[in-house]
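Peer 1: Sharing a structure here in structure tokens format.
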Amino acid sequence: MTITGYELALYAGALLVLFMTPGPVWVALTARALTGGFHAAWPLALGVVVGDVLWPFLAILGVTWIVSVFSGFMLFLKGVATVVFLAMGYLILKHADQTIAADSRLTRPGMWAGFLAGLAAILGNPKAILFYMGVLPGFFDLTQLTWVDITAICAASFVVPLVGNLALAVSIDRARRLLASPRAVRRTNLTAGWLLIAVGLVIPFT
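According to this note's numbering, the sequence shown is numbered sequentially starting from 121.
Dropping the structure here:
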């Protein structure tokens, strides 16, 4: 294993910050848990897991191939990762008061419907793989990764959001109050925005 525990912990921390930013999956989990309880919400979380494993895996393979063809590309991607986190932090701070809306396609009843909804939510976003291609090189030297490293990275990529999504489903009453309060949404967005900026500032020194 070539990656350090610090690198993996920093990456997991960044994933946690991203999870803390309210989005469609948050709303879908809330709606499903309100209508059918935890039993209706956990299949959606499992559907999201598929993309959380697939996107970083494809990004690692893609970036590794690009680096093998274009020398110096890794250094460029490290800069991209820094810019991505700084930009995301700034945009979240700029729109801290913006509310989020539910997508009815993500709230259809049934366990299989929940799983497919989670799968669609994560795979239906082509920007996800671009995000991982820009972010992963900021945390790891992808040219030196072993299969053990890749497994650890993919595991972190799904464990962090999965635990967060399941915890959100279990504590649905608290989540409902959070999403219903503009002040709480603003506070969450401000916190997430500043943390993303902090991660972006740390990346150049890792």
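For every residue, glycine included, the Cβ atom is placed at its ideal position computed from N, Cα and C.
Considering only residues of the same chain and omitting the five flanking positions on each side of D269, which have a CB-CB separation below 8 angstroms?
Peer 2: For this step, residue 269 is matched to residue 149 along the sequence shown. Correct list, in chain order: M121, T122, I123 and F260.
Peer 1: Which residues in the same chain have their Cβ closer than 7 angstroms to the Cβ of F158, if we skip the five residues on either side of it in sequence?
Peer 2: One-based indexing of the sequence shown puts residue 158 at position 38. Answer for F158: A289 and V290, listed in chain order.
Peer 1: Cα separation between G199 and L149?
Peer 2: Indexing the sequence shown from 1 puts residue 199 at position 79. Indexing the sequence shown from 1 puts residue 149 at position 29. Using only the alpha carbons, I get a separation of about 34 angstroms.
Peer 1: From N309, F325 and P324, pick the residue whose C-alpha is nearest to that of D217; which is it?
Peer 2: In the sequence shown, counting from the first residue as 1, residue 217 sits at position 97. Measuring from the Cα of D217, the nearest candidate turns out to be N309.
Peer 1: For G157, which of helix, strand or coil comes out of DSSP?
Peer 2: Numbered from 1 along the sequence shown, position 37 holds the residue referred to as residue 157. G157 falls in the coil class under three-state DSSP.
Peer 1: Just how far apart, CA to CA, sit L321 and L315?
Peer 2: Sequence index remark: in the sequence shown, residue 321 carries index 201 (1-based). Sequence index remark: in the sequence shown, residue 315 carries index 195 (1-based). One C-alpha to the other measures close to 10 angstroms.
Peer 1: Tell me the rounded alpha-carbon separation between L286 and W162.
Peer 2: As a position in the sequence shown, residue 286 is number 166, starting the count at 1. As a position in the sequence shown, residue 162 is number 42, starting the count at 1. Spanning the two alpha carbons is a distance of roughly 6 angstroms.
Peer 1: Within 10 Å of its beta-carbon, does G234 have 16 or more other beta-carbons around it, so buried, or fewer, so exposed?
Peer 2: Position 114 of the sequence shown, counted from the first residue, corresponds to residue 234. G234 is buried by the Cβ-count criterion.
Peer 1: How would you write the range of the alpha helix (DSSP H) that T271 sits in, first residue to last?
Peer 2: Residue 271 sits at position 151 when you count from the first residue of the sequence shown. Segment W267 to V290, the alpha helix (DSSP H) holding T271.
Peer 1: Between T202 and P324, what straight-line distance do the alpha-carbon atoms span, to the nearest angstrom?
Peer 2: Numbered from its first residue, the sequence shown carries residue 202 at position 82. Numbered from its first residue, the sequence shown carries residue 324 at position 204. Straight-line Cα distance between these residues: approximately 7 angstroms.
Peer 1: What would DSSP say about T124, mapped onto helix, strand or coil?
Peer 2: Indexing the sequence shown from 1 puts residue 124 at position 4. Of the three classes helix, strand and coil, the one that applies to T124 here is coil, per DSSP.
Peer 1: Is DSSP giving F235 helix, strand or coil here?
Peer 2: As a working note, residue 235 is residue 115 in the sequence shown. Three-state result, F235: helix.
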